[in-house]
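Accompanying notes for the structure given below.
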Amino acid sequence: MLPENITAVIARNERWTGDAASEPYEAGWAREALFFIRALKQPVGASPTGWIEISPDGMHWLREGTEFRMPSQKDAIAAARLTCFGNWLRVATQFEQGAECTVLVTVHLKA
Numbered sequence: 001m002l003p004e005n006i007t008a009v010i011a012r013n014e015r016w017t018g019d020a021a022s023e024p025y026e027a028g029w030a031r032e033a034l035f036f037i038r039a040l041k042q043p044v045g046a047s048p049t050g051w052i053e054i055s056p057d058g059m060h061w062l063r064e065g066t067e068f069r070m071p072s073q074k075d076a077i078a079a080a081r082l083t084c085f086g087n088w089l090r091v092a093t094q095f096e097q098g099a100e101c102t103v104l105v106t107v108h109l110k111a
């Protein structure tokens with residue numbers, strides 16, 4: 001039997017500044033999650049660290065521990081992998097004042 005998998009777009013052409021996060025995604029059925037974060041335009045300012053957040057209800061969030069550097073060039077891609085998580089997932093980051101990045105964020109899930 002082939003494993004079930006799905007790809008979902010959770011942020012498309014969004015301009016991230018300041019405190020930024022993707023839409024939450026319910027993924028409790030999956031064993032593995034892989035996030036891709038792509039810069040659709042040339043980022044402005046310093047590229048901050050991004051991280052994965054988990055939630056029991058999709059409203060209250062905490063850092064899961066996985067971190068990555070946000071893309072620093074147009075069409076550059078960052079990735080984050082998870083194998084042990086609860087039900088809700090999202091990507092978050094915090095830009096310095098004046099910095100920004102227009103992103104496409106996808107999550108790839110495998111049962």
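Heads up: the sequence shown begins at 1 in the working numbering, then just goes up one per residue.
Beta carbons are placed, not taken as given, at the ideal position from N, Cα and C, and that holds for glycine.
None of these values were measured; they are calculated from a predicted model.
Query	Result
Other residues of its chain near V103: CB distance less than 7 Å, five sequence neighbours each side excluded	A11, E14, W16, I37, R38, A39, L40
Opening and closing residue of the beta strand (DSSP E) in which L34 lies	32-39
Whole-number beta carbon distance between F68 and A20, since they are thought to touch under 8 Å	Not confirmed; about 14 Å, so no contact.
Helix, strand or coil at N87 according to DSSP, with G and I counted as helix	coil
Integer-rounded CB distance, given that I52 should sit under 8 Å from F35	7 Å
Among A76, A80, A27, the one whose alpha carbon lies nearest that of D57	A27
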